[in-house]
Amino acid sequence: MTLKNMKQIAVFLLIVSLSYSAVSQTDAKMSNSWPEKAEDISPLLIGEKIPIMKLPDAKNILTDVNKLGAKEPTILVFYRGGWCPYCSLQLSGLQEIKQSLDEMGYHLVAVSTDSPENLAESMGKEKLEYTLLSDADLSVAKQFGIVYNAPENYHRFLAQTSGGKNTEMLLPVPSVFIVDKEGRIQFQYINPDYKQRMDADVLKSVAKVLSEKM
19 MTLKNMKQIA VFLLIVSLSY SAVSQTDAKM SNSWPEKAED ISPLLIGEKI PIMKLPDAKN
79 ILTDVNKLGA KEPTILVFYR GGWCPYCSLQ LSGLQEIKQS LDEMGYHLVA VSTDSPENLA
139 ESMGKEKLEY TLLSDADLSV AKQFGIVYNA PENYHRFLAQ TSGGKNTEML LPVPSVFIVD
199 KEGRIQFQYI NPDYKQRMDA DVLKSVAKVL SEKM
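All you need for this note's numbering is the position in the sequence shown, starting with 1, plus 18.
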């Protein structure tokens, strides 16, 4: 394992140990208020079940993620959008390990605030062969507890890239969840620093370990 990968694992262990805001997701939803900072999110935890996920793909066809996940474990990747250069690099890295994930029996799904039209653009530009889904109004990201209020300088284009559905001007904290066939989270990587993403090779290693247990 390279020094870079070792550093990535160290970062992951640090992130897992972080204490997020004590404000519960339920309280946040009831008050319809979301954290001002990425560091203050309150995400779903390992062992919890994911919410119902029915989202449109790049062809605007509704995809039932829970139904797919009942057949094989799922790797869910939440990213900000194709407009984000760090997200584009992450998407390309995931494409490089897709075949390995397929061989392990995983279904790879990446979810963003982009409209289906913008998802299609990302798929063409990055030559992606896995599933991209549009959570343009962040309804699913909210249930995962990974949303926060976007800085004002993002407002101008978030409405455009989401097809007008991101009316609350929210962003998801880039996250990775590995979910078993029962819909329970077995692994998570959540980093409030959007410039830091989980290395694709590290994700492949973690997925390999978990595949032997699920």
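The beta-carbon is built from N, C-alpha and C at its ideal position, and this holds for glycine as well.
Over the uninterrupted beta strand (DSSP E) stretch that includes residue i, give me the two end residues.
i    : result
Y104 : Careful: Y104 lies outside any beta strand (DSSP E), inside the alpha helix (DSSP H) at P103 to M122.
L310 : With the chain covering only 19 through 232, there is no way to say anything about residue 310.
What are the start and end residues of the alpha helix (DSSP H) that includes residue i?
i    : result
S130 : Not the alpha helix (DSSP H): S130 falls in the beta strand (DSSP E), residues H125 to S130.
D75  : No alpha helix (DSSP H) holds D75; DSSP gives it neither H nor E.
V158 : S157 to F162
M141 : P134 to E144
N84  : V83 to G87
A56  : It is not in any alpha helix (DSSP H) - A56 carries neither H nor E in the DSSP assignment.
So, for residue i: in the same chain, excluding its five sequence neighbours on each side, which residues have a beta-carbon less than 7 angstroms away from its beta-carbon?
i    : result
G65  : R202 and I203
W101 : F175 and T179
Ordered along the chain, which non-local residues of its own chain (more than five positions away) have a Cβ less than 6 angstroms from that of residue i?
i    : result
M232 : P91 and D198
So who's on the other strand from residue i, going by DSSP bridges?
i    : result
L189 : Y166
L151 : D75 and V129
F175 : Looking at the DSSP assignment, F175 forms no beta bridge with any residue, so it has no partner.
Counting only C-beta atoms, is residue i closer than 9 angstroms to chain C at any point?
i    : result
G181 : Among the protein chains of the structure shown there is no chain C, as only one such chain exists.
Spell out a yes or no on whether the stretch 118 to 127 and the stretch 203 to 217 are touching, meaning 3 or more CB-CB pairs, one atom from each, closer than 8 angstroms. no
Could you tell me whether the stretch 187 to 197 touches the stretch 88 to 101, where touching means 3 or more Cβ pairs closer than 8 angstroms? yes
With a cut-off of 8 angstroms, do at least 3 Cβ pairs link the stretch 69 to 77 to the stretch 137 to 144? yes
Please give the ranges of any alpha helix (DSSP H) in the stretch 200 to 228, keeping only runs that are unbroken, at least 4 residues long and fully inside the region. none
Can at least three beta-carbon pairs, one atom from the stretch 171 to 186 and one from the stretch 112 to 119, be found at a separation below 8 angstroms? no
For the stretch 170 to 177 against the stretch 148 to 160, do three or more pairs of beta-carbon atoms, one drawn from each stretch, fall closer than 8 angstroms, so that the two count as touching? no
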